[in-house]
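S.K.:
Numbering (this note's numbering), first residue to last: 933 to 1323.
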């Protein structure tokens, strides 16, 4: 009897050592373990970026759809303008038309200064307002202002992982996995090992179906960083096949932060970061940052906190602690709140907003970037001709 117990004990110890060795040294096993950990742990964490958010609904009915929005705005500090500004805003955004409208009625103290209207069409932005008289401005940013989000066909949840466990196992067997010498240290000091994953063309059909995307005609490279417990601390999707150096990254203990980076023409770059602020029972809270760096070394930043909450007919949102700055010099501080609502049969966005661009002045985007002060002075000069308050 003692001999049988000893043999069983030795077998169990051997199995433990074997499993431990597989988890430590076999990249495929570690990747599978990380998938299980993500579906069982990360998805249930209130720190997870999309916790409590229906991504399928968000992308299909808001990011990639036609929406109405309305709300209010308060600007308590505008550089070189000693007055606070408040007002109402309303407009529409159409992903299919690639058009945007924003009409606002602004007040300085108790005096109405009229409308300030902003429109966008594909890559071009228009500024038009009665305070500018018969003048409007437009400039082509050279970038698509209406990027598409993944058109998810399924919710990313525990059930999806359960339904696709065989697909995931077969997928891991057919992708190239390489342990590199690189590591990533998370904000809590945890070090994670980098694994390079190359998805060959023709593999992962179930993933492209999930994303609502046509399978690519080339290999896809992804970098996965795992801590010693096979918990994903960072995932990087290389977008160099679209734009050299561009990537999308999700990182944090429970993948709480999203970072989108892209080089721009003329040696410029932009980076967009969204970080979840933990467990808010009444809403979803995020800290956002957009940093745009010019080829002259100037850095324009937009920082704000965003509260987002689903209602019966749309999404309520608040943008608080809004700060727009140039090289750490504050240009604007403010606050906005409003509501987003999906719209069927919207019609033409510009016609709905009665968009008009009389005596339109086309401004080279490089001029605005390189001499923002002169452009602002020109706009204020036009406004002074029509509003006594500015005098």
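A virtual CB, placed ideally from N, CA and C, is assigned to each residue, including glycine. If you're wondering where the values come from, they're calculated on a predicted model, not measured in any experiment.
Could you pull the start and end residues of the beta strand (DSSP E) that residue 1139 belongs to?
M.R.: Where residue 1139 is concerned, there is no enclosing beta strand (DSSP E), although the alpha helix (DSSP H) it sits in stretches over 1137-1143.
S.K.: Using 8 Å for Cβ pairs, my map puts residue 1197 next to residue 1074. What's the rounded Cβ distance?
M.R.: Indeed they touch by this definition, with Cβ atoms about 6 Å apart.
S.K.: Output the distance between the C-alpha atoms of residue 1307 and residue 1293, rounded to the nearest integer angstrom.
M.R.: If I take the Cα positions, the gap works out to 12 Å.
S.K.: Going by DSSP in three states, residue 1030 sits in which element: helix, strand or coil?
M.R.: The answer is coil: DSSP assigns residue 1030 none of H, G, I, E or B.
S.K.: At the level of alpha carbons, what is the spacing between residue 994 and residue 1099?
M.R.: Taking the straight line joining both Cα atoms gives about 30 Å.
S.K.: Got a sec? Which residues, its chain only, sit under 6 Å from residue 1108 by beta carbon, not counting five neighbours each side?
M.R.: Excluding positions up to five away in sequence, the list reads 1130.
S.K.: Can you tell me whether residue 1133 is helix, strand or coil according to DSSP?
M.R.: Residue 1133 falls in the coil class under three-state DSSP.
S.K.: Considering only C-alpha positions, which residue in the set 1156, 972, 1250 is nearest to residue 1006?
M.R.: When each option's Cα is compared against that of residue 1006, the closest is 1250.
S.K.: Using a Cβ distance threshold of 8 Å, determine whether the segment 1214-1228 contacts the segment 997-1004, with at least three qualifying pairs required.
M.R.: No, the segment 1214-1228 does not touch the segment 997-1004.
S.K.: DSSP state of residue 1310, grouped into three classes?
M.R.: Residue state, collapsed to three classes: helix.
S.K.: To the nearest angstrom, report how far apart residue 1177 and residue 960 are at their CA atoms.
M.R.: Going by the C-alpha atoms only, they are around 27 Å apart.
S.K.: Is the separation between the beta-carbon of residue 1314 and that of residue 1046 shorter than 8 Å?
M.R.: Cβ atoms of residue 1314 and residue 1046: not closer than 8 Å.
S.K.: Leaving aside the five residues before and after residue 1253 along the sequence, list all residues of the same chain whose C-beta is less than 7 Å from its C-beta, in chain order.
M.R.: Excluding residues within five positions, the ones whose Cβ falls inside 7 Å are 1236, 1237.
S.K.: For residue 1293, name the three-state secondary structure that DSSP assigns.
M.R.: In the structure shown, residue 1293 sits in a strand (DSSP, three-state: E or B).
S.K.: If you scan the segment 1153-1226 from start to end, which runs of the beta strand (DSSP E) of 3 or more residues do you find wholly inside it?
M.R.: DSSP runs (the beta strand (DSSP E)) wholly in the segment 1153-1226: 1164-1170, 1179-1183, 1189-1196, 1200-1208, 1216-1225.
S.K.: Thinking residue 1255 and residue 1070 are a contact (beta carbons under 8 Å), I'd like their distance in whole angstroms, please.
M.R.: With a Cβ gap of about 26 Å, residue 1255 and residue 1070 do not count as contacting.
S.K.: Between residue 1291 and the rest of its own chain, which residues show a CB-CB distance below 6 Å, the 5 nearest in sequence each way excluded?
M.R.: Only 1066, 1067 meet the Cβ criterion.
S.K.: According to DSSP, which residues form a beta bridge with residue 1024?
M.R.: Answer by DSSP bridge pairing, in chain order: 1000, 1033.
S.K.: Pick helix, strand or coil for residue 980, following the three-state DSSP scheme.
M.R.: If DSSP states are grouped into helix, strand and coil, residue 980 belongs with coil.
S.K.: Between residue 1257 and the rest of its own chain, which residues show a CB-CB distance below 7 Å, the 5 nearest in sequence each way excluded?
M.R.: For residue 1257, where only same-chain residues beyond five positions count, the Cβ hits under 7 Å are 1233, 1263.
S.K.: Would you kindly report the start and end of the unbroken alpha helix (DSSP H) that includes residue 989?
M.R.: Residues 987-990.
S.K.: How big is the Cα-Cα spacing for residue 1146 and residue 1140?
M.R.: Distance between the alpha carbons of residue 1146 and residue 1140: 6 Å.
S.K.: Tell me, please, which residues DSSP counts as bridged to residue 1246.
M.R.: Answer by DSSP bridge pairing, in chain order: 1243.
S.K.: State the start and end residues of the unbroken beta strand (DSSP E) segment that holds residue 1264.
M.R.: Segment 1261-1274, the beta strand (DSSP E) holding residue 1264.
S.K.: Quick one: what's got a C-beta closer than 8 Å to residue 1094's C-beta in the same chain, skipping five residues either side?
M.R.: Result list for residue 1094: 971, in chain order.
S.K.: Run through DSSP, which three-state label would residue 1235 get?
M.R.: Strand at residue 1235.
S.K.: What separation, rounded to the nearest whole angstrom, lies between the Cα atoms of residue 1192 and residue 1125?
M.R.: So the alpha carbons of these two residues sit roughly 21 Å apart.
S.K.: Among 1279, 1278, 1169, 1025, which has the Cα closest to the Cα of residue 1079?
M.R.: The residue with the shortest Cα to Cα distance from residue 1079 is 1025.
S.K.: What do you get for residue 1164, buried or exposed, if any count of 16 or more other CB atoms within 10 angstroms of its CB means buried?
M.R.: It counts as buried.
S.K.: Counting only the same chain and skipping the five closest in sequence on each side, list residues whose C-beta sits under 6 Å from that of residue 1203.
M.R.: Closer than 6 Å at Cβ, skipping near neighbours: 1193, 1223.
S.K.: What's the C-alpha gap between residue 1120 and residue 1167?
M.R.: C-alpha separation (whole angstroms): 17 Å.
S.K.: For residue 1061, which of helix, strand or coil comes out of DSSP?
M.R.: In the structure shown, residue 1061 sits in coil (DSSP, three-state: anything other than H, G, I, E or B).
S.K.: Would the beta-carbon of residue 1122 fall within 8 Å of that of residue 1159?
M.R.: Contact flag set, yes.
S.K.: So, at 7 Å on beta carbons, what are the nonlocal neighbours of residue 1297 in its own chain, with the 5 sequence-adjacent residues on each side left out?
M.R.: Result list for residue 1297: 1071, 1072, 1073, 1074, in chain order.
S.K.: For residue 1016, collect the residues of the same chain with a Cβ closer than 8 Å to its Cβ; drop the 5 residues on either side in sequence, then sort them by chain order.
M.R.: Once the five neighbours on either side are set aside, the close Cβ partners of residue 1016 are 1006, 1007, 1008, 1009, 1040, 1041.
S.K.: Considering just the uninterrupted stretch of the beta strand (DSSP E) at residue 1342, what are its terminal residues?
M.R.: What is shown of the chain runs 933 to 1323, which leaves residue 1342 out entirely.
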